[in-house]
Amino acid sequence: MVPLVSKMKGYYLRYLKYALLFLSLQSGLAYGVDESLLLAAQNMLAKGQSVEALDLLDPHEEEYAGDKEYDYLYGLALLDTGEPAGAVFAFQRVLAIEPNFAGARLELGRSYFDMGQMQRAQREFVIVQSQSPPKGVIDVIDKYMAAIESRNLQNRQGWKGFLQLGFGDDSNVNSATSAENFLGFDLTDESRETSSSVLSTLGGVSYDLPFNFDSKFFFKASVNHRANNDASFTSTINYDLLAGYNKSFSTLGDISVAMQFYTADVDGDFNNKGLNITSQLNINFSPTNQMGLFLRGGNVDYDTAFDIKDIDQAIAGLSWAHVFSGQSRVSVVLAAILGQDSAVEDDSPYGRDYTGIRLSASYPVTHRLNFFASVGGTDSDYEGSFFESDEIRTDSLTDFSFGSSWRVNKTWLLKGLIGQTTNTSNIEIFDYDRSIIMLTARSEFLP
């Protein structure tokens, strides 16, 4: 893919002279915008100083978003610094004001191209072709269209990898009660709330194998080690394998089916393993609205000593995602689930029915700094009785988290997170509170 991108940049730079010439002719029409700011950004882009141009333009987005000259330059800066998703919104704002601005539409097509959304890119290029653009523009479009048409399986397949390191503090690593005794028995330290510092290491690889232009097989593998330094009996290692198939339907959405297998060790010994199949359907109602539907079925199999906790699991979910295309660029996701855990053992009390809802939001303050938050809750009604009690267990879990992320460069991302979880149960021993603070650094790479 790298040679293709490099080649496209060459064609693009030849066209940029035409686009900037058009912009120069139009800049005098800007109202309320600092023309010296636009001129400085324009010169930086012409010299290939896209990072400097973005740093110059980004602080003024709230003030100038909606001005076509500013948005056009801002979109170019975002696109050339590896932020095509943000560039899409900037170019869409330009086209909302001037639909026939061929330069902005061409850049919108290039943004989709960089995002891998080839059919959307092709649609924008076709529109520009219909506007009888100059020969230089036609040449650029022809090159992109040829690249789209000739993009073979080898161009689209390949490995990706990531490594994430984190540290923090967890007030209740075993999600246990703070009570000292229950039913007249003193609880052991391992059965009571235990705090600990945390070190986490997460690494993984993925591989995409296209089946045709709109379909692909994908494979993922990861290992997650969480060391709870002050409570080693809760330290875990999770191994995860996933394989699936995805098919996209132009701009309408996509569907995927995947099989996942995992195994979890606790304190160095096997604890449980699971196998599930998940199907996911995403429907795009517009560039800023998407609905998701998913179904999951599988099982969780515990070590022989804990066979009573074995379950068969079925979950259904519905989500709605919306991205505000104005100055804020805030995105929100509302999701709801309905699930059932069916106990494998006849005398097991761990079967349950549950429902949950979650609201998540993200606010990109700049192209580097993003704030996010999530709040959710799950209500569970268990089928069996615990501790020979006639009372059927019911739990209500709520959680809240917020944090921020900082994009250091195209490879590294730093993230800070603070979270709080509370589980309320009609059986005291299952009540608990938990708070966590984590700092992580993540690197994504290509072999």
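For the sequence shown, this note's numbering begins at 0 and goes up steadily by one.
Idealized CB from N, CA, C, for every residue including glycine.
All of these numbers come straight from a predicted model, not from anything done at the bench.
If you look at Asp-432, you'll find it in the beta strand (DSSP E) that goes 431 to 444. Setting aside the 5 residues that flank it on each side, Ala-440 is surrounded in the same chain by Leu-164 and Leu-413, each with a C-beta closer than 6 Å to its C-beta; the list follows chain order. DSSP links Arg-119 through a beta bridge to no other residue. For Gln-312, the pairing in a beta bridge is given by DSSP as Gly-297 and Asp-340. Scanning its chain for C-beta atoms nearer than 6 Å, with the 5 sequence neighbours on each side dropped, one finds around Ile-254 the residues Lys-246 and Leu-280, in chain order. Shortest Cα-Cα distance from Ile-236 to any of Ser-110, Asp-340, Ser-199 and Asp-309 involves Ser-199. A residue is called buried once 16 or more other Cβ atoms fall within 10 Å of its Cβ, and Ala-230 is buried on that count. DSSP places Ser-400 inside the beta strand (DSSP E), whose first and last residues are 391 to 406. Between Asn-171 and Glu-189, the gap from beta carbon to beta carbon reaches 9 Å or more. Checking the DSSP bridge columns, you'll see His-224 partnered with Thr-200 and Ile-236. The residues Asn-270 and Asn-271, in chain order, have a CB closer than 8 Å to that of Phe-305 in the same chain once the five nearest residues on each side in sequence are set aside.
By the neighbour-count definition (other C-beta atoms within 10 Å, threshold 16), Asp-66 is a buried residue. Only buried fits Gln-41, as 16 or more other CB atoms lie within 10 angstroms of its CB. Three or more Cβ pairs drawn from the region 375 to 384 and the region 343 to 360 lie within less than 8 Å of each other, which places the two stretches in contact. Here Phe-88 really is in contact with Arg-328; their C-beta atoms are around 6 Å apart, less than 8 Å. His-321 and Val-343 have their C-alpha atoms spaced approximately 40 Å apart. If you draw a straight line from the Cα of Asn-211 to the Cα of Tyr-244, it is about 12 Å long.
Per DSSP, reduced to three states, the secondary structure at Asp-33 is coil, with no helix or strand assignment. Assignment of Met-290 by DSSP, reduced to helix, strand and coil, places it in the strand class. Taking C-alpha positions only, Leu-445 is separated from Thr-410 by approximately 10 Å. Around the C-beta of Asp-141, fewer than 16 other C-beta atoms lie within 10 Å, and the residue is accordingly described as exposed. Boundaries around Val-256 are those of the beta strand (DSSP E), 252 to 265, since no alpha helix (DSSP H) includes it. Distance between Asp-430 and Thr-176, taken at the CA atoms: about 6 Å.
Beta bridge pairing from DSSP links Thr-176 with Arg-191. DSSP lists no beta-bridge partner residue for Val-136. Counted as a single uninterrupted DSSP element, the alpha helix (DSSP H) harbouring Pro-83 occupies residues 83 to 96. Lys-308 counts as buried, since no fewer than 16 other beta carbons sit within 10 angstroms of its beta carbon. The count of Cβ pairs closer than 8 Å, one atom from the region 78 to 92 and one from the region 104 to 117, reaches three, so the stretches are in contact.
Around the beta-carbon of Lys-215, 16 or more other beta-carbon atoms lie within 10 Å, marking it buried.
DSSP, read as helix, strand or coil, puts Gly-355 in strand. Secondary structure at Gln-130: coil, using DSSP grouped into helix, strand and coil.
Here DSSP, grouped into helix, strand and coil, assigns Leu-208 to strand. The beta-carbon distance between Phe-370 and Ser-318, rounded to whole angstroms, is 21 Å. This is too long to meet the 8 Å contact definition. At a Cβ-Cβ threshold of 9 Å, Ala-334 and Arg-351 do not count as neighbours. Distances from the CA of Tyr-69 to each of Gly-157, Asp-79, Val-32 and Asn-99 were compared; the closest alpha carbon is that of Val-32. Note on geometry: alpha-carbon atoms of Val-374 and Thr-420 lie some 10 Å from one another.
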